[in-house]
Amino acid sequence: MPVHVLSEGAGPGAQVPKHLSCVSIALISTSTNCSDKTVKGKVLRKCLLVSSASGDFILKIIIQEEVSPPDASPQNPSINVILFGAIAKDFDGAVNQGDVVVAAGFTVGKSPTVQKDKLHPFNLLLRGDSACIYVSRKKKPFKTRGTDFCSSLKITDQSNEKISCSVFCEKLEDHPKIYQIGDIVRLHRVKVQLFNSSMTLVKTFGFSVMAFDGAVGGSMEPRTSSRSFSFDQEDRRRVEELRSWASDQSLLPPSPTMPLCDVQPKAYFDLTCQLLAKAPSTPPARCSGCGTGPGVLTLC
0 MPVHVLSEGA
10 GPGAQVPKHL
20 SCVSIALIST
30 STNCSDKTVK
40 GKVLRKCLLV
50 SSASGDFILK
60 IIIQEEVSPP
70 DASPQNPSIN
80 VILFGAIAKD
90 FDGAVNQGDV
100 VVAAGFTVGK
110 SPTVQKDKLH
120 PFNLLLRGDS
130 ACIYVSRKKK
140 PFKTRGTDFC
150 SSLKITDQSN
160 EKISCSVFCE
170 KLEDHPKIYQ
180 IGDIVRLHRV
190 KVQLFNSSMT
200 LVKTFGFSVM
210 AFDGAVGGSM
220 EPRTSSRSFS
230 FDQEDRRRVE
240 ELRSWASDQS
250 LLPPSPTMPL
260 CDVQPKAYFD
270 LTCQLLAKAP
280 STPPARCSGC
290 GTGPGVLTLC
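As structure tokens, this is what we get:
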């Protein structure tokens, strides 16, 4: 399948083949060596899927680099991506505006619309068996019953202790800009309190957060909505320490070992499955019926 939808929250960098290296959109040209290269960006626009006279599918999208290189213009660079054939049809059904995608197996051609759209002078072209797209959908902050949105994080460090952190902000842009599991965050002005016998972090007045790419050698440009923040050499050293430590860890949860076909009566186990249907309960009932495959699983 030419379009690979990654696990929610895992991020494109978590499952893209390791032999592929990412190249900045700003550096794309017809002289770019596209072998074993990828381009990563957020889908700003997805046009309608069209069919050519020969019956081939064509789809145009625009992606924007989320973190621009140091020598790039103030606005993060964007580029047209043209998909042909099966990958165009699969992309149309699997990818939404706002998703983060990684394109591989592409070629580069001159953009005939550069004078009109003022975007990149070159286009990325994806066609044939070698072309593929990796896509990740970020879990967005959810609306509370009040005026705030809430982000729930679980963080750890070299101590291997894990702490939950709930961030409540009225504006979505004030929430941590987490792109994938493994990102590094610096939380400023938080307090510790107990909730259900577990330690949690809660923001206080003056709270701010910065996020960084968790990959070794990644950008040191902080992702933050704060207008004023400090980031000194000690902070830089700490980010590098966490990157180096995380590269040797297995932070992602293991795959489930018990499929539904092996479940036995009265057994206790962790279940990870795809929800196919849900029958809502009505008071005073305390159970819900959930369809996860043949039959119904009742949750009480």
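Be aware that the sequence shown starts at 0, since it is given in numbering that gives the first Met the number 0, and climbs by one per residue. The beta carbon of each residue, even a glycine, is placed where N, CA and C say it ideally should be. All figures in this text were calculated on a predicted structure; none of them were measured in a lab.
Under 9 Å between C-beta atoms of residue i and residue j
| i | j | result |
| --- | --- | --- |
| arginine 237 | methionine 219 | no |
| tyrosine 133 | alanine 103 | yes |
| cysteine 131 | aspartate 147 | no |
| leucine 48 | lysine 17 | no |
| serine 135 | glutamine 179 | yes |
| isoleucine 352 | isoleucine 78 | In this structure the chain extends from 0 to 299, so residue 352 is not present and cannot be described. |
| cysteine 164 | valine 201 | yes |
| leucine 124 | isoleucine 61 | no |
| lysine 36 | phenylalanine 83 | no |
| aspartate 212 | aspartate 247 | no |
Supposed contact pair residue j and residue i - C-beta distance, whole angstroms, cut 8 Å
| i | j | result |
| --- | --- | --- |
| serine 110 | asparagine 122 | 5 Å |
| glycine 97 | glutamine 63 | Not really, about 11 Å apart at Cβ, beyond 8 Å. |
| phenylalanine 194 | methionine 209 | No, phenylalanine 194 and methionine 209 are not in contact; Cβ-Cβ is about 25 Å, not under 8 Å. |
| arginine 226 | threonine 203 | Not quite, the Cβ-Cβ distance comes to about 19 Å (not below 8 Å), so this is no contact. |
| alanine 93 | valine 184 | Contact doesn't hold; Cβ gap of about 29 Å is too wide. |
Host alpha helix (DSSP H) of residue i (start-end)
| i | result |
| --- | --- |
| valine 113 | 113–116 |
| valine 238 | 232–245 |
Straight-line Cα distance separating residue j from residue i
| i | j | result |
| --- | --- | --- |
| serine 34 | proline 221 | 30 Å |
| glutamine 114 | valine 15 | 34 Å |
| valine 42 | serine 20 | 20 Å |
| proline 140 | cysteine 149 | 5 Å |
| valine 191 | methionine 198 | 6 Å |
| phenylalanine 206 | serine 243 | 27 Å |
| valine 38 | leucine 259 | 38 Å |
| phenylalanine 90 | serine 129 | 15 Å |
N- and C-terminal bounds of the beta strand (DSSP E) containing residue i
| i | result |
| --- | --- |
| glycine 205 | 197–211 |
| alanine 102 | 99–103 |
| phenylalanine 301 | Only positions 0 to 299 of the chain appear in the structure, and residue 301 is not among them; the question remains open. |
| phenylalanine 167 | 161–168 |
| cysteine 149 | 148–155 |
| lysine 17 | Segment: none, lysine 17 is in no beta strand (DSSP E) and carries neither H nor E. |
| arginine 185 | 183–194 |
| threonine 106 | 106–109 |
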